[in-house]
Amino acid sequence: MIFVAYTRSLIFRGVQCPVSNCTCYRDGPRCIYDHYRNERSENYPCHKCGNVFTRKNNLYNHLKFQCGQLPRFNCPYCPYRTRHSSNVRSHIRRMHPDQVVYVLDIRGDQQNNEASNN
């Protein structure tokens, strides 16, 4: 809280970064805030691929939905595949403008087929 107030008070002063040998491209409060955040933040590395996350929840989602997973969403009109359904929707609007916009979920199809086989 004190740091935020200190940062806000520097906004109009045009203060240079007080960190020695700073190679930041920013001057003033934003640079100071970035140094503060970097010192205080914990890093959460992925043990499978080495990506580093600043929040534990982002690492959890990465492990659950992305790391080692094949792209799950398909374009119904071409071989385009991606991990995010919104990318398929924008792809269809851009590349297939006269077609109906919908997404094929490969994982959902596999789960439905497994359920019908049991």
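The opening residue of the sequence shown carries number 1 in the UniProt record's numbering; numbering runs sequentially from there.
C-beta: ideal position from N, C-alpha, C; glycine also.
Since residue i and residue j are thought to touch, with beta carbons under 8 Å apart, how far apart are those beta carbons, to the nearest angstrom?
i	j	result
Q99	Y80	Wrong, their Cβ atoms sit about 12 Å apart, outside the cutoff.
V52	N61	The pair is not a contact, with the Cβ atoms about 14 Å apart (cut-off 8 Å).
D105	R72	6 Å
R107	V101	So it is not a contact: roughly 20 Å between Cβ atoms.
What number of angstroms, rounded off, separates the C-alpha of residue i from the C-alpha of residue j?
i	j	result
N57	L63	10 Å
H96	C31	44 Å
P45	R89	31 Å
L70	L59	17 Å
R55	G68	20 Å
C75	K48	28 Å
D103	Q66	Reading off the sequence, residue 103 comes out as Val, not Asp. Taking the straight line joining both Cα atoms gives about 18 Å.
N87	D34	31 Å
What is the residue span of the alpha helix (DSSP H) that residue i lies within?
i	result
N57	56–61
H84	First-last for H84: undefined, no H or E at that position.
Quick check on residue i: does DSSP put it in helix, strand or coil?
i	result
D105	strand
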